[in-house]
Structure formats: C-alpha cells, structure tokens
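A short worksheet on the structure shown next.
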Amino acid sequence: MFCSQCGRSIPSDARFCPNCGRAAGQAVAQPAVAPPPVQPVQEQVLYVFSASRKYSMFKVVPCYIVFMQDKAVLAYTTPALQKAENERLTQEIKAQGKGFFKGSAAMMSFWSTYGQQYYNMPVQALLAKDPANAVVPYAAVAEVYFRGYSETSSGGDDSASVTQGKFRFKLANGETLEFTHSSSARRDIQDLLTRLFGARLKFKR
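Per my numbering, residue 815 is the first one in the sequence shown, and the count goes up by one each step.
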C-alpha cells in the first residue's frame, strides 16, 4: 500500500502513514505492473544448404534448405526476390558512391553469402521473405535421398565427367520434392542428415 498524500509505502497493518500521518484508509494500492511480453524462443538453425528446386526439366528455382531440429524451411530465391534485392542493393551502392568495379564486387559478395542471413532469422520472418517459401516437417517425410556432386577426370584430354548432386524429400502423402546441388558428399552433411532422419536417409557418395 502507498499513501495517497505523500506516496510513501505503508505497512498493510498500519492505521496511519508513518511519514505524513494521513489515515491509512485513504492510502491507495500500488498500481499493477503488466508483465513483459513473452518473447518467442528462436529455433536453432542447424545448417543452411544451397540447392535448386527442380519442378520439371525446364523449371528450376534456386533455394536454400534451412535445416532445423524438427523441420526444414524451403527458402526460394525466386526471380521476383532477386529483382527486389538487386534493386535495393543498387540503390545502396549508388548512395555510398561506389564505382562500377566496387559496386560489382559488392553485388557478387552479397549474393555469395546470401544464405548466411537465414542462420539468425526466425521462421516467420524466413517464410515472409517470399510467398513460395514453405515448411517441411520431418514427421511428414517418408524418405530422404542424397547424392553428392563430383567431377571425374576423363583421360588426358583435360575433359571431366560431372555427376550432378541430388537431394530428394519423399513425403508420406506421396509428394516428392526434387533438388539439385553442387556439394560433395561431405561427412558433416551425412552426419547431420543421419541425425535428423535416421533409417529414412539414403546417402550416396
């Protein structure tokens, strides 16, 4: 309780304010303080994998597969997103007064590290980046297939045979999500996918 005249704290069993003598019955209760809003816990991103979603032979869209503990988020780099990001970055480069070469270098650096932002982005913000972005719950995955990208030298003519990397989610509802990539069959990728999918994973080097 607080005195309505001087504002001093008054014991609950006191009849008068010890500071100014005002009757305790005229004291007012301390206003309730609203608790701070609960902040959502950001889910940990385990790995951001660069790939391209293969819809058909003629339709391929670059994307990042953002692996979390119980789900993967498909973050597409659609033409609309690329255009918006390029326009925004171009304006920043002009505002900073960078010339052609420095501007080109800044643009290349931006896109080469574009996926790194997803390590610190909440799921809802990640989904809001593009309307095509989607969540794949691991509980809905029936099978995962990974084949590493590789290049093999072909004799003495300096030619090489290329094996395109493949990644596939086969969902329990029968839908299949196909991806291509250029990552080798590294041990860290195998360990991560094994931990997340266990016996559902087919890993090919």
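Beta carbons: idealized from backbone N, C-alpha and C, even for Gly.
Got a sec? Which residues, its chain only, sit under 7 angstroms from residue i by beta carbon, not counting five neighbours each side?
| i | result |
| --- | --- |
| C877 | A865, S866, R867, L888, A889, Y890, T891 |
| D1002 | none |
| K885 | V949, V950, P951, Y952 |
| I907 | G917, A920 |
| L1007 | V958, F960, L1015, F1017 |
| Q978 | Y963, T994 |
| S967 | A974 |
For my contact list, residue i and residue j are in at a C-beta cut-off of 8 angstroms; report their separation, rounded to the angstrom.
| i | j | result |
| --- | --- | --- |
| V976 | E992 | That belief does not hold up - the Cβ atoms of V976 and E992 are roughly 18 angstroms apart, past 8 angstroms. |
| F924 | L903 | 6 angstroms |
Here's a check: name, in chain order, each residue in its chain whose Cβ is nearer than 6 angstroms to the Cβ of residue i, leaving out the five neighbours to either side.
| i | result |
| --- | --- |
| F1017 | F960, Q1004 |
| P936 | Q856 |
| F914 | none |
| N954 | One detail in the question is off: residue 954 reads as Ala in this sequence, not Asn. Within the same chain, A954 has close Cβ partners L985, A986. |
Beta carbon of residue i, beta carbon of residue j: below 9 angstroms?
| i | j | result |
| --- | --- | --- |
| Y928 | V880 | no |
| L1010 | L895 | no |
| A999 | R1014 | no |
| V875 | A946 | yes |
| F981 | T994 | yes |
| Q858 | M882 | yes |
Return the first residue and the last residue of the alpha helix (DSSP H) that residue i is part of.
| i | result |
| --- | --- |
| E906 | 893–909 |
| R1001 | 1001–1011 |
| A942 | 937–942 |
Could you check where the beta strand (DSSP E) with residue i kicks off and where it finishes?
| i | result |
| --- | --- |
| G979 | 979–985 |
| T990 | 990–995 |
| M922 | Unbroken run through M922 is the alpha helix (DSSP H), 914–926; no beta strand (DSSP E). |
| A946 | Unbroken run through A946: none, as it is neither H nor E. |
| C831 | Careful: C831 lies outside any beta strand (DSSP E) and carries neither H nor E. |
| M882 | 874–882 |
Below 8 angstroms CB to CB, which residues in the same chain sit around residue i once its five sequence neighbours on both sides are set aside?
| i | result |
| --- | --- |
| Q930 | V862 |
| A956 | K984, L985, A986, R1014 |
| M922 | none |
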